[in-house]
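Protein chains: 2
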Amino acid sequence: MTVKRTRGRPPAGDVADRRTAILDAARGQFAAQGFGGTSMRSIAREAGVDVSLISHYFGDKSGLLVATMQLPVNPIEKIASVVEDGPDGMAERLLRTFLSSWDPHRDIFSSMYRTTMGSGDSQAPMLQLARNILITTLVKVLEGDDRDVRAALISGQLIGLATMRYVISIPAVADAPVEDLVRLYSPGMQVLIDA
Amino acid sequence: MTVKRTRGRPPAGDVADRRTAILDAARGQFAAQGFGGTSMRSIAREAGVDVSLISHYFGDKSGLLVATMQLPVNPIEKIASVVEDGPDGMAERLLRTFLSSWDPHRDIFSSMYRTTMGSGDSQAPMLQLARNILITTLVKVLEGDDRDVRAALISGQLIGLATMRYVISIPAVADAPVEDLVRLYSPGMQVLIDA
DNA sequence: GTCTATAGACGGATAGAC
DNA sequence: GTCTATCCGTCTATAGAC
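For the protein sequence lines, the chains are V and U, in the order given. So for the first sequence, this note's numbering puts the first residue at 10; every next one is plus one. So for the second sequence, this note's numbering puts the first residue at 10; every next one is plus one.
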């Protein structure tokens, strides 16, 4: 059995999945320290690979960020479709969908969040989505007065919840079962939806 | 009339208040781009002064950040004292106090927020305050079950609101009068406070 | 594919002239 | 107090050897 690699150690996971190691390390560090606060060097160190390998796989640092945020499905569109089912009992559906969509991807949420909030870039992908899809959809579905304010406030409640659960990770909220949060949080949110 | 300055242009505001110019520029840029995303050079450029003057006045970049966040009064303590008055009608008092305390200092809020969220530093001053003062005080005052979760969720609602109004600046929320927001937001929040 | 070496830019901080 | 000049560190990105 001949060895292909000319130099380089036999890495942890043996063969091809250094790529995965890079992605995992990047996700973790972007989530913890934001995009600007993370260096390619420290990612490479954690992944046990050479820095230049990152460029080789992902082009540059931004390419890595993009690759990091690829999701099997897009939670935001799923959430928007829940909104379209109308205001009756929306709070409960909205919260359950929001939480169960993002819970498996906490790191990605935190990463997008930190990347978005840490920079003043109003064109950041997360903002675009939040504004265009969530708020716009909400405005269309709500009834009564002050729809635009209420739509933004409802979105803000989701942001606040996610901040506590995924970004700051306050234990009481971060570790609570989805159904507990739905039960506690939805009545108040429904008040805002109804009037 | 003899000129004191040996070199240097006659700056915009004439005499001593370059210091103020530096602080204003810093506040704006920290608020817009976060601490890491702002360079001392760009602050100096905006303020119309030399870079090294910043070091001279404030020691280093962190010193400038600290100086930037000095407030006449501490909003968070004022808010905590409102909480201590008990759960009856708390939502309304809490929201009114929160908003009217921070409204005059939007840039400072945004700056603290971006600085806190953009880095993974769990020792950041804003987090300390939020956790220790706000949540702790809330837990003490609430009645019924799940106090710790509800306390964190209420804090999260304030964070979400402030995110919309001060950080992302969604127009519907950013430009609304305080009393409109109090009227729309407090009923739902009170539900969470009461049970 | 993997690594070395280095280019090239930028940022923070300081010494010292005036 | 103000400015010039500069040092030193860190970062991204790339060229090229093996």
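Heads up, the beta-carbon is just placed ideally off N, CA and C, and yes, glycines get one too.
Taking one beta carbon from each stretch, the stretch 173-183 of chain V and the stretch 155-165 of chain U have 3 or more pairs nearer than 8 Å; the two touch. Secondary structure at V/Asp69: coil, using DSSP grouped into helix, strand and coil. Not flagged as an interface residue toward chain V: U/Ser64, since no C-beta distance is shorter than 9 Å. Distance between V/Ala89 and U/Pro81, taken at the CA atoms: about 43 Å. Looking from the CA of V/Pro84, the closest CA among V/Phe118, V/Ser178 and V/Glu93 belongs to V/Phe118. Against U/Ala185, the close residues of chain V are Val158, in the order they occur along the chain (beta-carbon pairs closer than 7 Å). Nearest to V/Thr145 by C-alpha distance, out of V/Glu86, V/Arg105 and V/Arg102, is V/Glu86. Listed along chain V, the residues sitting closer than 8 Å to U/Met173 by beta-carbon distance are Ala161, Leu162, Ser164, Gly165 and Ile168.
Remark: fewer than three beta-carbon pairs, one from each stretch, lie closer than 8 Å, so the stretch 102-116 of chain U and the stretch 45-57 of chain U are not flagged as touching. When the alpha-carbon of V/Val200 is set against those of U/Asp203, U/Pro196 and U/Ile202, the nearest one is in U/Pro196. U/Ala100 counts as buried, since at least 16 other C-beta atoms from the protein chains shown sit within 10 angstroms of its C-beta. The three-state secondary structure of V/Pro81, taken from DSSP, is coil. Straight-line spacing of the CA atoms in V/Gln166 and V/Val191 works out to 13 Å.
By the criterion of at least three beta-carbon pairs nearer than 8 Å, the stretch 139-153 of chain V is not in contact with the stretch 57-76 of chain V. Here DSSP, grouped into helix, strand and coil, assigns U/Ser48 to coil. Using a Cβ distance threshold of 9 Å, V/Gly169 and U/Gly46 do not count as a contacting pair.
A Cβ-Cβ contact shorter than 9 Å links U/Ile31 with U/Leu62. If you draw a straight line from the Cα of V/Gly127 to the Cα of U/Leu136, it comes to about 15 Å. Among the residues facing chain V, U/Val182 is included, as its CB has a counterpart in that chain under 9 Å away. Looking from the CA of U/Met121, the closest CA among U/Ala40, U/Asp33, U/Arg156 and U/Ala34 belongs to U/Ala40. If you ignore the 5 residues before and after V/Ala139, its C-beta comes within less than 7 Å of the C-beta of Ser164, all in its own chain and listed in chain order. Here V/Ser119 carries a helix assignment [DSSP, helix/strand/coil]. Annotation: the continuous alpha helix (DSSP H) that includes V/Glu101 extends over Met99 to Trp111. Under the three-state reduction of DSSP, V/Gly153 is assigned to coil, being neither helix nor strand.
Within chain U, Gly197 have C-beta atoms less than 8 Å from the C-beta of V/Met198, given in sequence order. Within chain V, not a single residue places a beta-carbon under 7 Å from that of U/Gly68; the smallest gap is close to 22 Å.
At a cut-off of 9 Å, the C-beta of U/Gly43 has a neighbouring C-beta in chain V. For V/Gly98, no Cβ of chain U is located within less than 9 Å of the residue's own Cβ.
Under the Cβ distance rule, U/Ile88 does not count among the residues neighbouring chain V, no pair being separated by less than 9 Å. Across the structure, V/Asp116 and V/Arg27 are spaced so that their CA atoms are roughly 19 Å apart. DSSP places V/Ile142 in no alpha helix (DSSP H); its state is neither H nor E.
For a Cβ distance threshold of 8 Å, residue set Asp155, Val158, Arg159, Leu162 and Leu201 of chain U lies close to V/Leu193, ordered along the chain.
Apart from sequence neighbours up to five positions away, the residues of its chain that approach U/Pro96 with a beta-carbon distance below 8 Å are Val150, Leu151, Glu152, Ile202 and Asp203, ordered along the chain.
Looking only at V/Val91, V/Ser109, V/Asp33 and V/Asp154, the smallest Cα-Cα distance to V/Gln79 is reached by V/Asp33. Distance between V/Thr77 and U/Glu93, taken at the CA atoms: about 44 Å.
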